[in-house]
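Let me begin by presenting the structure, written as structure tokens, before commenting on it.
See below:
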């Protein structure tokens, strides 16, 4: 899968800071991402007819995601949507169904190349970020399911021109998801999350809804 998002940012200039550091508005192409996923065990390819009678057991899969430094980036701006570097995220996960309950666990590591043209022409390095996430999913009747989600991530300390910054991450978040089918082709997914413990970043709440549409394959 390849994605190339566009990003918009709009913020007021902090008092006493020069305009060149905090532009009033951004409308930039985001960083393109390439994602490859593979099932290592379980979850065979099925037709729609076969899927109706399929019962999950153990599934193991892996993902590799690379982010390219092709988004717009200005080294004379402190606030940037692009990062002027490559990153690669490797992830290994497993899913085990136990009747109506499904347990999922995944571990990941994200690695970064150096940004040799950071704000003011400096060099910025970043340590890898290691994370683990788990999901407890319960399937109700008529296609309704809910989940409790949690994750923990650590690392990511940056170094600017050889000087270590005090921004190492060690954060924990929790969330919940509820999926409600509307008909054969449509469903609504509601989700929310919050930070439980935060050292640097990640201290925010989210709430949202998504409309999902299925088509093709005999639907």
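Residue numbers (our numbering): 2 to 220.
Where is the CB? At the ideal position from N, CA and C, for every residue including glycine.
(request) State the Cα-Cα distance for the pair residue 173 and residue 88, rounded to the nearest angstrom. (result) Straight-line Cα distance between these residues: approximately 22 Å.
(message) So for residue 227, helix, strand or coil by DSSP?
(response) One cannot answer for residue 227 here, as it falls past the ends of the chain, which runs 2 to 220.
(request) Could you check if residue 85 is buried or exposed, using at least 16 other CB atoms within 10 Å of its CB as the buried criterion? (result) With 16 or more other CB atoms across the displayed protein chains lying within 10 angstroms of its CB, residue 85 is buried.
(request) Spatial neighbours of residue 68 within its chain, please: CB distance less than 6 Å, with the 5 preceding and 5 following residues excluded, ordered by chain position. (result) Residues of the same chain with a CB within less than 6 Å of the CB of residue 68, apart from the 5 flanking positions on each side, are 32, 34, 88 in chain order.
(message) Under 8 Å, with one C-beta from each stretch per pair, do the stretch 140-156 and the stretch 113-123 reach the 3-pair mark?
(response) No, the stretch 140-156 is not in contact with the stretch 113-123.
(request) Sort out for me which residues DSSP pairs residue 39 with in a bridge. (result) Looking at the DSSP assignment, residue 39 forms a beta bridge with 63.
(request) Alpha carbon to alpha carbon, how far is residue 162 from residue 126? Give it in angstroms, no decimals. (result) Approximately 8 Å between the Cα atoms of the pair.
(message) Would residue 154 and residue 170 qualify as a contact pair, given that the criterion is a beta-carbon distance under 8 Å?
(response) Yes.
(message) DSSP three-state label for residue 57, please.
(response) Taken through DSSP and simplified to helix, strand or coil, residue 57 comes out as coil.
(request) Assign residue 49 to one of three DSSP states: helix, strand, or coil. (result) Residue 49 falls in the helix class under three-state DSSP.
(request) Use the C-beta contact count for residue 90: other C-beta atoms within 10 angstroms, 16 or more gives buried, fewer gives exposed. (result) Burial call: buried.
(message) Using only the alpha-carbon positions, how far apart do residue 92 and residue 65 sit?
(response) Going by the C-alpha atoms only, they are around 7 Å apart.
(request) Rounded to whole angstroms, what's the CA-CA distance from residue 166 to residue 74? Just pull it up for me. (result) Residue 166 and residue 74: Cα-Cα distance of roughly 22 Å.
(message) Quick check on DSSP: helix, strand or coil for residue 80?
(response) The answer is coil: DSSP assigns residue 80 none of H, G, I, E or B.
(request) Closer than 8 Å by C-beta to residue 210: which residues in its own chain qualify, once you throw out the five before and the five after it? Chain order, please. (result) For residue 210, the CB contacts under 8 Å within the same chain, skipping 5 residues up- and downstream, are 189, 190, 191, 192 in chain order.
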